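Heads up: the sequence shown runs through residues 463 to 710, numbered per this note's numbering.
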Amino acid sequence: MSTLLLRLAGPMQSWGIQSRFTIRDTGLEPSKSGVVGLLCAALGRARHEPVDDLAALKMGVRVDRQGQVKMDFHTAGGGVMRPGEKYGVALADGSGVRAVTSQRYYLADADFLVGMESEDESLLHRLDAALSRPIWPLFLGRKAFVPGTPVRLGIANLTFREALAAFPYQVRSPREKARLLMDLEKGSPRLLRLVLEAEPGATAEVRPDQPISFARRLFGLRYVRTDYLDLTASMIEEEFHVSLPSVA
């Protein structure tokens, strides 16, 4: 059993699982449908192509920085692109176009470690190679939200729970590292939230983000459970100076 590791961090990201009409929500962690969509972009897999192999991956998330939920009031259309040509969203009766407003929620300054577990080593290596040279641009839930750091972290020869616990916690500066180490020395615990995919029927939360078909926008239910991990001094590393012996 091995786990493909990804880092999803950036100024803005959004992982909605129940958006309808003018309200576009975001979850507090990456959705499985969103992460599978990111992997499809890396592979260059079109919306109409099957995603059964990617949907079969078991997903776990470690919340290193939850970020803050923000809202953007968004307007689409309502202007003129060329003389006499209005820009907007088409009306149902075909009589013209109009401006559409929406409230779009997102996470600001969030940072997640994601593990995708599988027994299919060849699939994980294909995905790892695709993340290093993606065919289409990668984004964090919405096309405007680009990653702030490289997404690819490699493959760990561990289960997703073990990989999420073993991978270093990446601080952004020596000052942050010193502050965290000082807090730990004083006995102030720091817990990292884990959201782990569970077996169907388990005592767990149910989320409607199991991808079935992107072309038909069809999603199934997925069971997840929440766990917590103690941040230890040995886990803390400065950003871009990270190593994990079991990562290929």
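Cβ coordinates follow ideal geometry from the N, Cα and C atoms, glycine included.
Treat the numbers as computed from the prediction; the structure is a model and nothing was measured.
Asked: Please report the residue range of the alpha helix (DSSP H) in which V513 lies.; Found: First-last for V513: undefined, no H or E at that position.
Asked: Tell me, please, whether the segment 487–506 touches the segment 592–607 by the rule of three or more beta-carbon pairs shorter than 8 Å.; Found: yes
Asked: In chain order, what residues of the same chain have a beta carbon less than 6 Å from the beta carbon of S476, not counting five sequence neighbours either side?; Found: T488, Y568, G603, R604
Asked: Buried or exposed: where does E579 fall if 16 or more other Cβ atoms within 10 Å of its Cβ makes it buried?; Found: buried
Asked: Contact between the segment 489–503 and the segment 658–672 is defined here as three or more beta-carbon pairs at a separation below 8 Å; is this criterion met?; Found: yes
Asked: Exposed or buried, L466, counting other C-beta atoms within 10 Å across all chains shown (16 or more means buried)?; Found: buried
Asked: Give the DSSP-derived three-state secondary structure of S635 in the structure shown.; Found: coil
Asked: Where in the segment 561–607 do unbroken runs of the alpha helix (DSSP H), each at least 4 residues long, occur, reported from the N-terminal end onward?; Found: 583–594
Asked: Counting along the chain, where does the beta strand (DSSP E) carrying K520 start and finish?; Found: 520–527
Asked: Measure the Cβ-Cβ separation of G610 and G522 and say whether it is below 7 Å.; Found: no
Asked: Would you be able to state if there are at least three C-beta pairs under 8 Å between the segment 552–563 and the segment 511–529?; Found: no
Asked: Hey, quick one: how far does the beta strand (DSSP E) through A538 stretch, first residue to last?; Found: 530–538
Asked: Taking all protein chains shown into account, decide if D590 is buried (16 or more other Cβ within 10 angstroms of its Cβ) or exposed.; Found: buried
Asked: Taking the straight line between their C-alpha atoms, what separation do you get for L553 and I674?; Found: 30 Å
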